[in-house]
Amino acid sequence: MPEAPNDGPATANCTHLIEKNKNTLQFIEDVTSNPDNVQQQVLSEILTQNANVEYLNRHNISGHTDRETFKKIIPVVTYEDLHSDITRIANGDKSPILSSHPISEFLTSSGTSGGERKLMPTIDDELKRRSLLYSLLMPVMSQFVPGLDKGKGMYFLFIKSEAKTPGGLVARPVLTSYYKSSHFKERPYDPYTNYTSPNETILCPDSYQSMYSQMLCGLYLNKEVLRVGAVFASGFIRAIRFLEKHWSLLSHDIRTGTLNSIITDLTVRESVMKILKPDPNLADFIELECSKKSWQGIITRLWPNTKYVDVIVTGSMAQYIPTLDYYSNGLPLVCTMYASSECYFGVNLNPLCNPSEVAYTLIPTMAYFEFLPVHRNNGVATKNEKEKQQLIDLADVKLGQEYELVVTTYAGLYRYRVGDVLRVVGFKNKAPQFSFICRKNVALSIDSDKTDEVELHKAVENAVNHLVPFSATLTEYTSYADTTSIPGHYVIFWEVNENGSTQIPASVYEDCCLTIEESLNSVYRQGRASDKSIGALEIKIVENGTFDKLMDYAISLGASINQYKTPRCVKFEPIVKLLNARVVSNYFSPKCPKWFPGHKQWNNVN
């Protein structure tokens, strides 16, 4: 198997950096030139390493490490199939259930099961694999944008809440795990990981103090900034909106060389004050630009040397592209990598492409990849029973075909269905390149939240109980993710039949909003209550007959009247306009839903 590039420290020495980049790019060439051999070796390594774990012994693999036996004996699974094993580990069972290596922590997925975040077991060695993938990004980027080692990146990076399982293992998001690891905190000097934000500002648990201090450092070092970004497009836009609200405070701090007293975290204050010095001229410049009526191009105005915006704009994040274009004056929007809590997958080898053309090359050393063919029936992904057992290997996927991604990892996931639907759009040498199509079954998403139709329907059913005392019934409903406000929020359109003579008070509809929010999964509730990345849910009451008009419109576009079903989520702009034109009243959730770190059963919360 090709050797991974040495992750040793880079230096300011130009020759050393060129050589390091060359080695990294050669590694990509090597692993993509013979992906099938690499994949067979990865699978053999995983099965050898975990030969004695309970899960594999349960399926009688008997020490076999070949692909044919593995595919024949080991079933394709979902999270629910592994739930009992994961619960045992969470409760403190330290026997080798899934992995021969000790489970170091759980990575909490943005996907949910039973309303709670999925728990992905991981091992210490996985941090090395994640670091490897990160090390590929900038050598690739430097082929397209030279000179990135001559300045800094202004990235808004944050940690999120974590919890402990009953067995004492930490459970936290994968990025929080990475930022808190020595791989990030104690990284040697590298011009490509030279950020405007000190580590202490990123690791601050208070999201306001973290955002304020990171923005302040980014503004103060504005001339050194060559690239800007965040993980998700939504997060970067929240940072710009934060600047809109607080630029006068930030410019005051730069003018005086002092840090606002609202920043109480001592480590943050100390790290920022090592950077900050009085700069009245810069403060004048910031005030001049931020006080202008239009904020179009504010990124290139305040950070004039910025080459691109590094954010995820694929999948549900594509809805933020127009806003990013407005703020950045059309700078390239770059998606560099494809990863999840289960596994880090691949990189974008053509990072300056149009967002609609983003394709990820899966790096064959990261895990063993299989692909479940997906077909579409009226836009809905389907699979037949025979195909469920006929998974395709990485080297055998077909151009233009869509697949659901299935992974086997070193950490102990075996033939696990990730839930992402990908389409093959090209090849790098012999390795396929995939565009991300969608997350299976997701109806609504603002940030990292993922709400499906079943969950939404149950939440609406719970809320409708508030209408019963008024003899009112819900005729129909649909929803959409409104990102015109920042943070974005869920909008539910209701057509209500008020059979009784008593008018329904506004407070009742507000209670309906809150009940829906309380009924949604923990990722949504965390976004609302803790991260503040999602705004208050809104119910819009529409005129009676609105959903008949919606059906008429769909039929006019070619839908069959016999097969028409009210969509539970709408994205098509003309349909949203049709619904909004018939709104008679609207109501917002009056407060945040309850949320606690960890799973409910860990907190004894009913």
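Numbering follows the numbering used here, with no gaps: position 364 of the sequence shown is 365. Every residue, glycine too, gets a C-beta built ideally from N, C-alpha and C.
Skipping 5 residues on each side, what residues in its chain have a beta carbon closer than 7 Å to that of residue i?
{"i": "P598", "result": "S162, E163, A164"}
{"i": "V359", "result": "T315, C336, N349, S436"}
{"i": "S143", "result": "N22, L149"}
{"i": "N379", "result": "Per-residue confidence for N379 stands at a pLDDT of 46, beneath the threshold of 50, marking its modelled position as unreliable; the derived number appears in the next sentence. Within the same chain, N379 has no close Cβ partners at all."}
{"i": "R68", "result": "Q41, L44"}
{"i": "C513", "result": "A464, H467, I540"}
Between the C-alpha atoms of residue i and residue j, what's the straight-line distance to the nearest angstrom?
{"i": "G168", "j": "I87", "result": "11 Å"}
{"i": "S110", "j": "L289", "result": "42 Å"}
{"i": "E187", "j": "E55", "result": "36 Å"}
{"i": "E496", "j": "I517", "result": "16 Å"}
{"i": "L227", "j": "D450", "result": "30 Å"}
{"i": "K550", "j": "S480", "result": "16 Å"}
{"i": "Q504", "j": "A555", "result": "32 Å"}
{"i": "C593", "j": "A537", "result": "7 Å"}
{"i": "L334", "j": "T362", "result": "18 Å"}
{"i": "K293", "j": "F159", "result": "29 Å"}
{"i": "Y193", "j": "F145", "result": "14 Å"}
{"i": "E201", "j": "R59", "result": "46 Å"}
{"i": "V375", "j": "L99", "result": "28 Å"}
{"i": "H17", "j": "T25", "result": "12 Å"}
{"i": "F92", "j": "P122", "result": "One detail in the question is off: residue 92 reads as Asn in this sequence, not Phe. So the alpha carbons of these two residues sit roughly 13 Å apart."}
{"i": "I104", "j": "V571", "result": "41 Å"}
{"i": "R569", "j": "N581", "result": "16 Å"}
{"i": "K389", "j": "M552", "result": "Any reading at K389 must be qualified, since the residue scores a pLDDT of 49, below 50, and its modelled position is unreliable; the value itself is stated next. Rounded to whole angstroms, K389 to M552 spans 35 Å at the Cα level."}
{"i": "S317", "j": "L457", "result": "17 Å"}
{"i": "K533", "j": "F237", "result": "14 Å"}
Starting from residue i, follow the beta strand (DSSP E) in both directions and report where the run begins and ends.
{"i": "L325", "result": "First-last for L325: 322 to 329, but that is the alpha helix (DSSP H), not the beta strand (DSSP E)."}
{"i": "T362", "result": "361 to 363"}
{"i": "Y417", "result": "417 to 429"}
{"i": "R173", "result": "171 to 173"}
{"i": "E117", "result": "117 to 123"}
{"i": "K541", "result": "539 to 543"}
For residue i, count neighbouring C-beta atoms within 10 Å of its own C-beta (all shown protein chains included) and say buried if the count is 16 or more, exposed if not.
{"i": "N430", "result": "exposed"}
{"i": "D311", "result": "buried"}
{"i": "R131", "result": "buried"}
{"i": "G489", "result": "buried"}
{"i": "P470", "result": "exposed"}
{"i": "G148", "result": "exposed"}
{"i": "R118", "result": "buried"}
{"i": "Q1", "result": "No answer is possible for residue 1: the residues shown for the chain start at 2 and end at 607."}
{"i": "N223", "result": "buried"}
{"i": "P97", "result": "buried"}
{"i": "D285", "result": "exposed"}
{"i": "G64", "result": "exposed"}
Who pairs with residue i in a beta bridge, going by DSSP?
{"i": "G230", "result": "Y156, D311"}
{"i": "F372", "result": "I393, L406"}
{"i": "F471", "result": "Note: F471 sits in no beta bridge, so no partner."}
{"i": "V335", "result": "D311"}
{"i": "L445", "result": "T452"}
{"i": "V497", "result": "L475"}
{"i": "H490", "result": "D483"}
In chain order, what residues of the same chain lie with their CB nearer than 6 Å to the CB of residue i, ignoring the 5 residues before and after it?
{"i": "E273", "result": "Correcting the residue type first, residue 273 is Val in the shown sequence and not Glu. Within the same chain, V273 has close Cβ partners S214, L260."}
{"i": "R424", "result": "E403, S436, I438"}
{"i": "I241", "result": "Y328"}
{"i": "A432", "result": "T33, P36, T362"}
{"i": "A396", "result": "P36, D37"}
{"i": "D266", "result": "C205, Q210"}
Counting along the chain, where does the alpha helix (DSSP H) carrying residue i start and finish?
{"i": "M274", "result": "267 to 274"}
{"i": "S101", "result": "No alpha helix (DSSP H) holds S101; DSSP gives it neither H nor E."}
{"i": "V141", "result": "126 to 143"}
Determine, for residue i, whether the minimum Cβ-Cβ distance to residues of chain B falls below 8 Å.
{"i": "G168", "result": "Among the chains in the structure shown there is no chain B, since it carries only a single protein chain."}
Between residue i and the rest of its own chain, which residues show a CB-CB distance below 8 Å, the 5 nearest in sequence each way excluded?
{"i": "T461", "result": "According to the sequence provided, residue 461 is Val. The question's Thr does not apply to it. Answer for V461: L475, Y478, I493, I517, listed in chain order."}
{"i": "C441", "result": "Here the sequence assigns Lys to residue 441, which means Cys is not the residue at that position. Around K441: A382, E405, G420, D421, V422."}
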